[in-house]
Amino acid sequence: AQKITQTQPGMFVQEKEAVTLDCTYDTSDQSYGLFWYKQPSSGEMIFLIYQGSYDEQNATEGRYSLNFQKARKSANLVISASQLGDSAMYFCAMRDYQGAQKLVFGQGTRLTINP
Amino acid sequence: NAGVTQTPKFQVLKTGQSMTLQCAQDMNHEYMSWYRQDPGMGLRLIHYSVGAGITDQGEVPNGYNVSRSTTEDFPLRLLSAAPSQTSVYFCASSTTSSNEQFFGPGTRLTVL
Chain A
2 AQKITQTQPG MFVQEKEAVT LDCTYDTSDQ SYGLFWYKQP SSGEMIFLIY
52 QGSYDEQNAT EGRYSLNFQK ARKSANLVIS ASQLGDSAMY FCAMRDYQGA
102 QKLVFGQGTR LTINP
Chain B
26 NAGVTQTPKF QVLKTGQSMT LQCAQDMNHE YMSWYRQDPG MGLRLIHYSV
76 GAGITDQGEV PNGYNVSRST TEDFPLRLLS AAPSQTSVYF CASSTTSSNE
126 QFFGPGTRLT VL
């Protein structure tokens with residue numbers, strides 16, 4: 002069975018600093034996908050970034066990048082130049098390719114950006 | 026293009042009552058799913074569908090029923106509500122090949 006572990010319940014960062022949110026995963030599948038979602042206090046789920054298990058390059062989307070270390074089974078999210086609007090819950094999730102698009106989520110990390 | 030819509034946004038039920046949470050998408054997505062989010066936890070998959078007429082169970086299906094008669098709609102039925110079903114419910118959709126699932130705004134359900 003797939004499992005996602007996010008070990009940081011909360012993080013506090015000064016505005017404009019870079020922040021790394023940790024995510025480790027466990028799967029016996031060779032082919033899988035890793036996702037990060039942002040959930041602001043308003044409650045909606047916002048897709049941030051995706052990394053495929055066979056992608057050789059780390060995924061990047063604007064200020065977001067995914068530090069993918071396959072051998073260590075980690076998929077950390079890096080936010081560069083943090084902004085006040087980045088304060089939110091962040092969820093790491095994974096999906097296998099054998100069936101439908103079923104996501105398994107971690108417990109999340111609450112990120113607070115201080116001015 | 027409204028994306029994924031969910032109704033109602035809020036609902037309070039008494040134990041034993043039944044109700045249906047509505048989910049609709051206008052993107053012609055094959056794949057639709059229901060998740061629940063409990064306090065301090067990530068989302069957990071309840072049921073999913075890969076197309077009209079095809080549904081399957083996720084991680085936490087007990088107490089819920091689904092059907093998919095059209096591509097657009099994927100309602101979630103609570104057969105006999107229990108306090109343990111107090112949660113926020115999210116509907117999501119995507120194409121089967123997409124790397125992104127589109128989530129609805131959620132329904133906050135309280136069972137007394």
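Protein sequence lines, in the order shown, are assigned to chains A and B.
For what it's worth, our numbering labels the leading residue of the first sequence as 2, then goes sequentially.
For what it's worth, our numbering labels the leading residue of the second sequence as 26, then goes sequentially.
We put the beta carbon where it would ideally sit given N, CA and C, even for glycine.
Asked, Found
"Segments assigned beta strand (DSSP E), at least 3 residues, entirely inside the stretch 41–67 of chain A", "47–53"
"For methionine 95 (chain A), the first and last residue of its enclosing beta strand (DSSP E)", "89–97"
"Pairwise C-alpha distance: methionine 66 (chain B) and tyrosine 91 (chain A)", "11 Å"
"Near-chain B residues of the stretch 25–53 of chain A - C-beta to any C-beta below 7 Å", "Gly34, Gly44, Glu45, Met46, Phe48 and Tyr51"
"Residues near serine 112 (chain B) by beta carbon distance below 7 Å, same chain, minus five either side", "Arg61, Gln62, Asp63 and Leu134"
"C-alpha distance - aspartate 97 (chain A) paired with glutamate 84 (chain B), whole-angstrom precision", "14 Å"
"Exposure of glycine 131 (chain B), with buried meaning 16 or more beta-carbon neighbours within 10 Å", "buried"
"Own chain residues within Cβ distance below 8 Å of serine 74 (chain B), not counting five before or after", "Tyr56, Met57, Ser58, Thr80, Asp81, Val91, Arg93 and Phe99"
"Proximity test, Cβ basis, 9 Å: methionine 66 (chain B) and chain A", "yes"
"Top-ranked residue by Cα proximity to glycine 109 (chain A), from A:Thr8, A:Gln3 and A:Lys4", "A:Thr8"
"Residues near phenylalanine 128 (chain B) by beta carbon distance below 6 Å, same chain, minus five either side", "Phe115 and Ala117"
"Cα-Cα separation between phenylalanine 48 (chain A) and methionine 44 (chain B), rounded to whole angstroms", "29 Å"
"Interface flag, glycine 83 (chain B) vs chain C, CB-CB below 9 Å", "You won't find chain C in this structure, because its protein chains are A and B."
"Collapsed DSSP secondary structure at glutamine 50 (chain B) in the structure displayed", "strand"
"Cut-off 6 Å between Cβ atoms - residues of its own chain near arginine 111 (chain A), not counting five sequence neighbours on either side", "Gly11 and Met90"
"CA nearest to the CA of alanine 113 (chain A), picked from A:Thr21, A:Ala2, A:Gly63 and A:Ile5", "Checking the sequence, you will find threonine at residue 113 (chain A) rather than alanine. Ranking A:Thr21, A:Ala2, A:Gly63 and A:Ile5 by Cα distance to threonine 113 (chain A) puts A:Thr21 first."
"Residue from A:Ser75, A:Gly34, A:Ser43 and A:Arg64 whose Cα sits closest to the Cα of tyrosine 51 (chain A)", "A:Gly34"
"Residue nearest to valine 37 (chain B) in terms of C-alpha spacing, selected from B:Thr30, B:Leu46 and B:Ala27", "B:Leu46"
"Nearest to lysine 4 (chain A) (by Cα), restricted to the options A:Ile80, A:Gln84, A:Leu85 and A:Ala76", "A:Ala76"
"Residues that DSSP places opposite arginine 78 (chain A) in a beta bridge", "Residue identity differs from the one stated: residue 78 (chain A) is leucine in this sequence, not arginine. Paired residue(s): A:Leu22 and A:Leu67."
"Under 9 Å by beta carbon: chain A residues contacting tyrosine 114 (chain B)", "Near tyrosine 114 (chain B) there are no residues of chain A at all, since even the closest Cβ is about 11 Å away, more than 9 Å."
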